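Okay, structure first, notes after.
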Amino acid sequence: MQKTVIGLFTSEDAAREAISTLRKRGYTENEINLVQKDNSGAAARGISNSIEEIIPDRNVGDMADDMGMDGVTTGATWGGLAGLALGAGALAVPGVGPLLAAGPIAGALTGAATGGLAGGLLDWGIPEDRGQHYERRVKEGDLLAIVKVSNEDRAKEASTILRNNGAKDVEVHDAR
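Mapping to my numbering: the sequence shown position 148 is 139, numbers consecutive.
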């Protein structure tokens, strides 16, 4: 059964290190997700200025065109997410505001127009009350890491990696 591992980081460096460790352990861009409040205004202007590091084999202009965006911006964590190309970008989520999201979660959040971040997390097996907790923390500036894996062993390993890199509120849920 698929599992969703979720945790919060207060430090971009810690989140970057956790993502790097996950990648070294064989977790893919289809499994790793990161959501962060967009304090830089990227959602209004476009995508990460580090997008070439996130998507090294694509041209920034091509990616922006594909996403219907122009302009670029954001922070070091996104540059450190090399390989997390699928769905990377800036989006506005009702009730939450502008977010930066990398990984398949970006698509889920786009479809969660009325439910906000918590509504998008419901589709990933996160109970509503916990989703609301994570949404509040993201609004307050924490980075949310989500790892969706195929079995219990990978979920245990991913949660250990997140905790060892400073993640708080790490939980494992049955994915939907």
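For glycine and all other residues, C-beta sits at the position ideal for the given N, C-alpha and C.
Only a predicted model underlies this, so the values are computations on that prediction, with no experimental measurement involved.
Check	Outcome
Rounded separation between Ile96 and Val138 - CA only	10 Å
Gln27 - containing beta strand (DSSP E), residue span	Ile23 to Lys28
Spatially closest choice to Thr1 from Arg145, Gln27 and Gln(-7), by CA coordinates	Gln27
Candidates Leu134, Gly122, Lys15 and Arg128: closest to Asn24 by CA position	Leu134
Terminal residues of the alpha helix (DSSP H) in which Thr151 lies	Glu143 to Asn155
Whether Val140 touches Glu22 by CB criterion (8 Å)	yes
Exposure label - Asn155; buried when at least 16 CB within 10 Å	exposed
Buried versus exposed, by CB contacts within 10 Å (16 or more), Leu72	For Leu72, the pLDDT reaches just 43, beneath the cut-off of 50, and the residue's location in the model is therefore unreliable, leaving the point undetermined.
Thr(-5) and Ile152 closer than 8 Å at C-beta	no
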